[in-house]
Amino acid sequence: RGYLFFQPGSGLGTFANGDFTANYTAIAIFVALAIPASKKWHWLLKLAAMAFIFYACLSTGVSSQLPVIPIAGGVYLLLIGTPRQRIFWTTAGAAAALVGAFVYFSSPTFLGADILTLLPTGSTEEGAAESLTGISGGASDRIALVQDGFKEYSSHHVLGLSPHGMRSSGLEKNVHNEYASYLFERGPFGFVGLLMGIAIVFGLGIASMKTGDKTHRAVMGGLLAAYALFVINDIAHELSRQRDVWMLVVLIVAYADIELRRAWDRRQATLASRFPWAFTKPRPAVAAGGD
16 RGYLFFQPGS GLGTFANGDF TANYTAIAIF VALAIPASKK WHWLLKLAAM AFIFYACLST
76 GVSSQLPVIP IAGGVYLLLI GTPRQRIFWT TAGAAAALVG AFVYFSSPTF LGADILTLLP
136 TGSTEEGAAE SLTGISGGAS DRIALVQDGF KEYSSHHVLG LSPHGMRSSG LEKNVHNEYA
196 SYLFERGPFG FVGLLMGIAI VFGLGIASMK TGDKTHRAVM GGLLAAYALF VINDIAHELS
256 RQRDVWMLVV LIVAYADIEL RRAWDRRQAT LASRFPWAFT KPRPAVAAGG D
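Offset between the sequence shown (1-based) and our numbering: plus 15.
As structure tokens, this is what we get:
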């Protein structure tokens, strides 16, 4: 939408629209954060990469990522922090949310106008104020889509309209909500399956963080924060069809599996040394040509 030298319509990459591009770049911020950094200057490179990717995300003109990225950042801090740090970040996040809500709702009284309307818009077609206020407008549109889809679902096929069945709703080809889409098109079984799949990915990742070293926890924390961003974004989009999302799932499950297998081997080795009588000794190798 004309951010600095980016012009409207640019920054889509190989994606069909700006929503998919914005989700990809927003996820990439936390994938970059997950890259191990053994030296201080590595962190400088990581921060520079994250800033550049965030700028690319802004260039898509999709405003829905602006509140989701900080939430995913909070998830990252909670995942890698100590119990005391988790309490601090939770308290700080709640306080920041309360202050932000107070400033927003009290701005007409103290400032004489909505604070969003006072933000500079620059020379672009849509400035910061329009982008931020567009979030509420987009939310209203998506609520209407979900309501329309529920009418179609509840009055015709309680077990699901079949994949892409929402095309017959008359309002739009999808409801821009993955969870509602799975319920309306695939029924209760598909909806529960979607939630179980998300829970398995988070469960594997968190379980591996409990046994992994500091580097593994940092890597998995970044990947899970990226996945949390996708899970939140799916409230307003239908993103599970995208290959980049499944590539992220592959990374999480693969790294988690490697660490969980290592932890299992360590436990087995410890038990074998303490209780050798409970473990079967390996059979000696048979020479070539033997029985």
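The C-beta atom is built at its ideal place from N, Cα and C for all residues, glycine as well. Note that the structure is predicted; figures quoted are calculated from it, not measured.
Just reading off the alpha helix (DSSP H) that residue i is part of, what are its end residues?
{"i": "Lys229", "result": "Lys229 to Asn248"}
{"i": "Ser196", "result": "Glu193 to Thr226"}
{"i": "Pro82", "result": "Gln80 to Ile95"}
{"i": "Trp9", "result": "Nothing in the structure corresponds to residue 9, since the chain is present only between 16 and 306."}
{"i": "Asn38", "result": "Gly33 to Ala49"}
Residues in the same chain with beta-carbon distance under 8 Å from residue i, minus the five sequence neighbours each way, listed in chain order, please.
{"i": "Leu176", "result": "Glu167, Tyr168, Ser183, Phe199 and Glu200"}
{"i": "Leu219", "result": "Ile267, Val268, Ala271, Asp272 and Leu275"}
In this structure, does DSSP put residue i in helix, strand or coil?
{"i": "Ser146", "result": "Because Ser146 sits at a pLDDT of 48, beneath the cut-off of 50, its placement in the model cannot be relied upon, and the point is left open."}
{"i": "Ser138", "result": "Bear in mind that a pLDDT of 36 at Ser138, under 50, signals an unreliable position, so the number given afterwards is only what the model happens to contain. Reduced to three states, the DSSP call for Ser138 is coil."}
{"i": "Arg258", "result": "helix"}
{"i": "Ala251", "result": "coil"}
{"i": "Pro98", "result": "helix"}
{"i": "Leu176", "result": "coil"}
{"i": "Val77", "result": "coil"}
{"i": "Lys296", "result": "coil"}
{"i": "Phe30", "result": "coil"}
{"i": "Phe117", "result": "helix"}
{"i": "Val161", "result": "helix"}
{"i": "Ser151", "result": "Any answer about Ser151 is weak, because its pLDDT of 49 lies below 50 and its placement is not dependable; what the coordinates show is given next. Of the three classes helix, strand and coil, the one that applies to Ser151 here is helix, per DSSP."}
{"i": "Phe103", "result": "helix"}
{"i": "Val265", "result": "helix"}
{"i": "Ala278", "result": "helix"}
{"i": "Ala4", "result": "No answer is possible for residue 4: the residues shown for the chain start at 16 and end at 306."}
{"i": "Ala52", "result": "coil"}
Considering only the beta carbon of each residue, do residue i and residue j sit closer than 8 Å?
{"i": "Val268", "j": "Val234", "result": "no"}
{"i": "Gln80", "j": "Ala41", "result": "yes"}
{"i": "Ile68", "j": "Gly236", "result": "no"}
{"i": "Asp249", "j": "Tyr39", "result": "no"}
{"i": "Phe45", "j": "Ala87", "result": "yes"}
{"i": "Leu238", "j": "Leu209", "result": "no"}
{"i": "Leu160", "j": "His191", "result": "yes"}
{"i": "Val83", "j": "Ile247", "result": "yes"}
{"i": "Cys72", "j": "Ala49", "result": "no"}
{"i": "Ala278", "j": "Thr226", "result": "yes"}
{"i": "Ser255", "j": "Glu193", "result": "yes"}
Please return the same chain residues whose Cβ sits closer than 7 Å to the Cβ of residue i, not counting the five positions on each side in sequence.
{"i": "Pro51", "result": "Thr230, Ala233 and Val234"}
{"i": "Asp34", "result": "Val77 and His252"}
{"i": "Tyr197", "result": "Gly205, Phe206 and Leu209"}
{"i": "Ala43", "result": "Ile68"}
{"i": "Arg157", "result": "His191, Asn192 and Ala251"}
Which residues in the same chain have their Cβ closer than 6 Å to the Cβ of residue i, if we skip the five residues on either side of it in sequence?
{"i": "Ser146", "result": "Residue confidence is low: Ser146 scores 48 on pLDDT, short of 50, so the model does not pin down where it sits. Its coordinate-derived value is still stated next. Only Ser78 meet the Cβ criterion."}
{"i": "Leu174", "result": "Gly202"}
{"i": "Ile221", "result": "none"}
{"i": "Leu92", "result": "Trp104"}
{"i": "Phe165", "result": "none"}
{"i": "Val90", "result": "Ala240 and Ala243"}
{"i": "Met224", "result": "Arg232 and Met235"}
Segment contact, 8 Å Cβ cut-off, at least three pairs: the stretch 96 to 112 with the stretch 43 to 63: Touching, no, given that fewer than three Cβ pairs across the two stretches are closer than 8 Å.
Stretch-stretch touch, CB-based, cutoff 8 Å, three pairs: the stretch 242 to 260 with the stretch 282 to 295: Taking 8 Å as the limit for Cβ pairs, the verdict is that the stretch 282 to 295 does not touch the stretch 242 to 260.
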